[in-house]
Amino acid sequence: MKKLSSAQIRKMFLDFFKSKGHKILPSSSLIPDDPQLLFTVAGMVPFKKIFWGLEKPKYPRVATVQKCLRTNDIENVGKTPRHQTMFEMLGNFSFGDYYKKEAIEYAWEFLTKWLEIPEERLWVSIYEDDDEAYELWTENIGLEPRKIVRMGKEDNFWGPVGPSGPCGPDSEIFYDTMLDVKECPDPDKCDPTCDCDRFLEVWNLVFTGLYQNEKGEIGELERKNIDTGMGLERITAVMQNVESVFETDLFIPFIKKSEKLFGKSYGKNEKNDISMRVIADHSRASAFLIADGVFPSNTERGYVLRRLIRRAVRHGKLLGKDEPFLYKFVDVVNEVMGEFYPEIPEKYDLIKETIKAEEERFFNTLDQGLALIEKIVSSSSTISSEEAFKLYDTYGMPLDITLEIAKEKGVKVEVDGFNALMEEQRKRAREKRGDKAFVGRTYEKLANTKTEFIGYDELKCDAKVVAIISNGESVSELRAGEEGEVVFDKTPFYAEKGGQIGDTGICRWKDGIGKISNTYLNGSLHLHQLKVERGTLEVSMEATLEVDEERRNDTARNHTATHLLHAALRKVLGEHVKQAGSLVSFDRLRFDFTHMKPLTKEEIQKVEDMVNAVILEAVPVTTEIMSLEEAKESGAMALFNEKYSDEVRVVSVGNFSKELCGGTHVKNTGNIGSFVILEEKATSAGVRRIEATSGRNTLKMIREMRTEIETLSKELNTPPNSLVQKVKEVIKENSDLSDRLTRVKEKMLKRMLDETLEKAKKSSQEIVVFDAQDASSAQARNIADMALNSIKNGVVIVIFSPKKDKSSFVVKSSGRVKANEVAKKIASAFGGKGGGRLDMAQGGWNKKVSAKEVDEALKA
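Below is the structure:
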């Protein structure tokens, strides 16, 4: 058997399938074009729409090396020989071309002829009812029947994903490691059905030839497909004759980097080894996520990235590091994988800066979080759901880190309660975003319906109603007052895409009219959200569609301005700037971009000036259709994680800007009028946001500002050119008055306190209650100190109300009476909370409470 490097295996796999007539495609992004998935979890994900029958295949047979990410078993990463988060899937796919026979023959030929794995080391499994596969393995391949095991639906049947969809049996190929596995219950009869680690699954061949409907009935697909997957890491371990993927050339450079950084030797201590393997895996995954446009945050993909980085940081701390180190592993990612994945060297600086910034952020709170855990476990055998959530939300401690530490300490974590709190937070986030999720068979059945878009050149056209959807179901008509989604055979209405909002306008037909409030896509469906105002709109009816021209033109101005802004940012800040999201509306534009620090006032002004200079030059804006390769060679900017077809639309603004874009634009930059940056801020680690506007909206903004200035000028009785000086004078006068008022209040409070203390001394009171009115908490504590110094022995209770309808209090004691007990009692008397130390405590109520009421409560 050959000893091959991982790079050789990649190349041999692609060369083999190229020789079998497969189109070799590059890896897609880890961010899939699929609202149901956070990440690309398998090699077939980029082709899901083809398997589902929602998209026609461009090539009948394809082969890829696809980067994938799974975090469902993250707690096992580093502890087992094969668990990883980010991995590479070697896959060959057939879309209605070849089926079981060829798939099996190709797999066997590649493994036994090209990789030269001895046939006697290979076993297979098949679905228990798949006699066709059994015959192909025994008769075509000549495999001994004893080396074919039949398994049930749980092991050897794929899909459907959800209640209905494509599905089919599969056949897995196993490599006999011939390891002497002590855990094997029956070594003499051991085969791939055994739970021991002797047999390693290396390749899965899925025969997607069936379809399950909503009733659970299974029938045959008209077009049968093949979907296969072989993990590069696993087959590399086989070819390099090692027991763990972490001992292959894909991971050894990371292990050696750890040995150098941490001063530890791999293989000497199992706990250290686990930490080194976690760091190796998570550094790779983090680098690839950032390269594909993910940045650390507290939600969805960003949270997964944050979790990976912080988990690796914690393992680095276990190895003795108290300062950022993970960013240094980006060098190794680039060295090992940069040649095959160009996004790594392209985004090298950004990846490094993002990881380092996240490490610094976590190191700032890690010690506090660890101290809190120590405090919790010192007095309890359980970390409550609220405490676990606080560790996550306040100290940035991902749950799996808390679980790992809890396991080490021998305590439990209330995971269900934590998950409930997390789901509440996600729900709030979803409601805030207002996401639209279009799901359902109605849309799938219409998936091949095409709408011709003519909106680049026309804003009005006659069209035919092809379909109407209301409440998720196809209907034949919409009556007056009813609303639904309408599909036409052609349209001038731009559907929301690439950050640009959808068009609005009017639909007219004989004896009827409707208002289109939005236009958007569901897959390839071009949907018009339409409400009928008069008449009845029916399928097959002819109608006239008319876009709101003013709104479209405003949107086009902002879209072209966005391109100019992107180009200007790269010229002013550097080539590392990449688009990380955008919104193009009729009234404003929002542009997210990769950059590690806030823009200075000078940089913002420079960008703004540069964009306006291009606008004043009235540079023609041109569009051109070309192949994706031609576009990239021409220097057109493209979003790495965006899915492009082979033919793309390139929008150019002279020599200033060139981008791949399907949106609508002005004819020349002079049409934009003017451009103003409204705000610049951070959205997440390594991502900044600029909000801006152009055209008529800048005029509107100037008028609003002028009105405000005129109002201020009138109110302050000062001409506009003296406003700044006048405001400064008013602020100073205000500050002086505030200081004088504070001094008067302090004198008044001091006099009132003296009177209260004098009465207390005369009547030998041990407890003094004083109302400090609207004093601050610091002032209340000072008053309590003064009072306690005066009465020497006893308790002082100072009530204060800095907020309306709420009261707070401070309790200070000389020692004979416990301040915390007094605080709890007076707080509970009025439905509040209180507590603290023996000598000082505090609390409050969600209502006004007077000193007299507290006095009476104490007497009671």
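Numbering (the working numbering), first residue to last: 28 to 887. Glycine included, C-beta positions come from ideal geometry on N, C-alpha and C.
The DSSP-derived three-state label of Ala69 is coil.
Ranked by Cα distance from Lys379, the options Met623, Val104, Lys128, Val677 are led by Met623. DSSP places Ser654 inside the beta strand (DSSP E), whose first and last residues are 648–654.
Here Met178 carries a strand assignment [DSSP, helix/strand/coil]. Per the coordinates, the alpha-carbon of Leu277 lies some 14 Å from the alpha-carbon of Val357. Val360 places its beta carbon less than 7 Å from that of Ala314.
Within the DSSP bridge table, the entry for Lys542 names Ile533, Lys558 as partners.
Pro351 has its alpha-carbon roughly 34 Å from the corresponding atom of Ile36. In this structure, Asn252 lies near Phe78, with their beta-carbon atoms less than 7 Å apart. With the rule of 3 Cβ pairs closer than 8 Å, the region 371–389 counts as touching the region 709–718. Take the alpha-carbon of Asn761 and the one of Arg733: they are about 25 Å apart.
Per DSSP, Arg584 is one residue of the alpha helix (DSSP H) stretching across 576–600. Bounds of any alpha helix (DSSP H) do not take in Thr235; it lies within the beta strand (DSSP E) bounded by 226–239. Beta-bridge annotation (DSSP): Asn252 is paired with Phe122, Thr235.
Here Lys140 carries a helix assignment [DSSP, helix/strand/coil]. Nearest Cα to Ser497 within the set Leu572, His555, Ser551, Ile533: His555. The alpha carbon of Thr725 has as its nearest neighbour, out of Ser740, His309, Thr649, Ala588, the alpha carbon of Ala588. Secondary structure of Trp185 (DSSP, three-state): strand. The three-state secondary structure of Ile58, taken from DSSP, is coil. In the structure shown, Gly511 falls within a strand segment according to DSSP collapsed to helix, strand and coil. In the DSSP annotation of this structure, Leu335 is not part of any beta strand (DSSP E); the continuous alpha helix (DSSP H) holding it starts and ends at 327–345. Residue pairing for Phe114: DSSP places it in a beta bridge opposite Cys95.
Sequence-distant Cβ neighbours of Leu448 in its own chain, meaning closer than 7 Å and more than five residues away, are Ser412, Phe416.
Looking at the DSSP output, Asp798 bridges to Ile826. Per DSSP, Leu750 is not a residue of any beta strand (DSSP E); the alpha helix (DSSP H) it occupies stretches across 750–789.
In the three-state reduction of the DSSP assignment, Glu171 falls in the coil class. A contact is defined here as three or more CB-CB pairs under 8 Å, and the region 277–290 meets this definition with respect to the region 306–313. Here DSSP, grouped into helix, strand and coil, assigns Lys831 to coil. When Val502, Asp489, Asp124, Pro519 are compared, the shortest CA-CA separation from Lys537 is found for Asp489. CA-CA distance, Glu630 to Leu610, rounds to 22 Å. Residue pairing by DSSP puts Ser152 in a beta bridge opposite Val176, Glu199. In this structure, Val703 and Thr720 form a Cβ contact; the two beta carbons are roughly 6 Å apart against a cut-off of 8 Å. When C-alpha distances from His342 are compared across Lys374, Tyr330, Ser285, Ile371, the shortest belongs to Ser285. Of the residues Asp866, Ala884, Val514, the one whose Cα lies closest to the Cα of Ala856 is Ala884. By the criterion of a C-beta distance shorter than 6 Å, Glu228 is surrounded in its chain by Glu199, Phe201, once the five residues flanking it on both sides are discounted.
DSSP lists Leu117 as the bridge partner or partners of Met257.
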